[in-house]
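In our numbering, the protein residues as written are 256 to 596.
Below you can see the structure in the form of structure tokens.
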């Protein structure tokens with residue numbers, strides 16, 4: 256099975272220096288949470304001040320979830336039909352759709368990693384041990400490729416009908432939360448869809464009880480989930496900062512922290528949704544989201560929307576660092592006028 260090298264620690268002295276510069280004057284303190292990403296990036300870049308990321312990558316993990324086919328009294332668990340997976344994949348491949356639009360607007364690149372389909376986790380394991388290992392290694396390789404290409408900010412994203420159900424099952428097991436409490440609105444769940452979703456989550460959680468972390472992921476997630484957690488953990492190993500957006504990515508990050516301790520230091524949460532799994536995952540990671548957009552989408556749209564705010568925070572922090580550095584510099588005394596009256 257794939258293994259991870261030790262995750263390096265970000266430069267805490269750089270973070271402290273930017274924090275001190277912002278706290279040095281009332282103006283710097285007035286920026287509030289807008290400059291939080293600048294402090295985080297300073298540590299990731301080991302630079303005072305931080306620079307605005309110039310090579311942003313959205314990595315979309317594509318994969319079908321077997322539970323998307325589940326119905327109860329002829330009602331599924333999502334507002335999307337299972338066929339939507341192929342339609343969204345085609346849209347992204349052609350350069351269209353929400354993620355491509357925002358990525359083009361803010362100068363980010365979009366790459367995709369197609370993963371194997373998962374089995375229905377309420378009845379059987381999501382994947383074999385061979386597929387688990389291959390998926391984890393594929394995520395690691397994608398992170399290595401991004402780092403080697405100079406990506407300085409990564410956004411893991413996903414699309415696959417049933418993704419919020421996968422996140423709910425995984426986070427429910429990680430946090431010991433009951434199925435009825437972990438289920439969320441998903442893509443726009445009706446009462447009938449809610450019943451279907453709760454049933455799937457309940458049965459999947461029961462099947463995967465008492466498993467260790469990696470066994471849990473093999474049994475109750477999906478190849479795209481495993482690939483994403485491998486990507487997130489390896490990004491941390493390679494010192495690539497990661498924006499976390501959406502319940503699927505947040506839950507994958509929570510598991511990545513468990514298999515590669517220290518990963519969370521390289522993560523910044525850009526937004527939070529109404530999904531209980533999303534909220535619990537961010538609490539588990541001790542991350543406070545920059546925004547609360549209540550988006551029901553796993554394509555990293557919240558992270559992309561936060562990019563201009565992050566750039567603003569970096570610029571304001573850089574200006575404040577320059578101001579405090581200038582104030583600390585010794586000034587030459589004015590030349591003495593020795594002219595006689």
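We put the beta carbon where it would ideally sit given N, CA and C, even for glycine.
Everything numeric in this text was worked out from a predicted model, so none of it was measured.
| Asked | Found |
| --- | --- |
| Do you know offhand how far residue 364's Cα is from residue 400's? | 14 angstroms |
| Quick one: grab the DSSP three-state call for residue 448. | helix |
| Since I believe residue 579 is in contact with residue 293 (beta carbons under 8 angstroms), could you give me their beta-carbon distance rounded to a whole number of angstroms? | So it is not a contact: roughly 14 angstroms between Cβ atoms. |
| Taking all protein chains shown into account, do 16 or more other C-beta atoms lie within 10 angstroms of the C-beta of residue 453, making it buried, or fewer, making it exposed? | buried |
| Do you know whose CA, among 464, 411, 460, lies nearest residue 377's CA? | 460 |
| Classify residue 446: buried if its beta carbon has 16 or more other beta carbons within 10 angstroms, exposed otherwise. | exposed |
| Name the DSSP beta bridge partners of residue 364, please? | 312 |
| Using beta-carbon positions only, say whether residue 238 and residue 290 come within less than 7 angstroms of one another. | Here the chain has residues from 256 to 596 only, and residue 238 is not among them. |
| Starting from residue 412, follow its DSSP beta bridges and name the residues at the other end. | 315 |
| Identify whether residue 547 lies in helix, strand or coil by the three-state DSSP scheme. | strand |
| Return helix, strand or coil for residue 320, following the three-state DSSP convention. | coil |
| Which one of 534, 549, 550, 551 has the shortest CA to CA distance from residue 543? | 534 |
| To the nearest angstrom, how far is it from the Cα of residue 520 to the Cα of residue 540? | 9 angstroms |
| To the nearest angstrom, how far is the alpha carbon of residue 313 from that of residue 552? | 14 angstroms |
| Could you give the DSSP three-state label for residue 542: helix, strand or coil? | coil |
| Three-state secondary structure (DSSP) at residue 289? | helix |
| Under a three-way DSSP split, which group does residue 406 fall into? | coil |
| Within this structure, are the beta carbons of residue 361 and residue 559 separated by less than 7 angstroms? | yes |
| Where residue 439 and residue 419 are concerned, what is the direct C-alpha to C-alpha distance, given to the nearest angstrom? | 8 angstroms |
| Just verifying my parser: in three-state terms, what is the DSSP assignment at residue 260? | coil |
| Exposed or buried, residue 260, counting other C-beta atoms within 10 Å across all chains shown (16 or more means buried)? | exposed |
| Nearest-angstrom Cα distance between residue 265 and residue 482? | 24 angstroms |
| Would you say residue 532 faces chain C, with C-beta separation under 7 angstroms as the test? | Among the protein chains of the structure shown there is no chain C, as only one such chain exists. |
| Determine the direct distance from the alpha carbon of residue 371 to that of residue 316, and round the result to whole angstroms. | 10 angstroms |
| Could you tell me which residues DSSP puts in a beta bridge with residue 526? | 546 |
| Taking the straight line between their C-alpha atoms, what separation do you get for residue 398 and residue 413? | 15 angstroms |
| Just the C-alpha distance for residue 408 and residue 522, rounded to the nearest angstrom, thanks. | 10 angstroms |
| Going by DSSP, what residue range makes up the alpha helix (DSSP H) through residue 487? | 478–492 |
| For residue 349, count neighbouring C-beta atoms within 10 Å of its own C-beta (all shown protein chains included) and say buried if the count is 16 or more, exposed if not. | exposed |
| How about residue 323 and residue 426: do their beta carbons lie closer than 7 angstroms? | no |
| I'd like to check one pair, residue 387 with residue 473: are the Cβ atoms closer than 7 angstroms? | yes |
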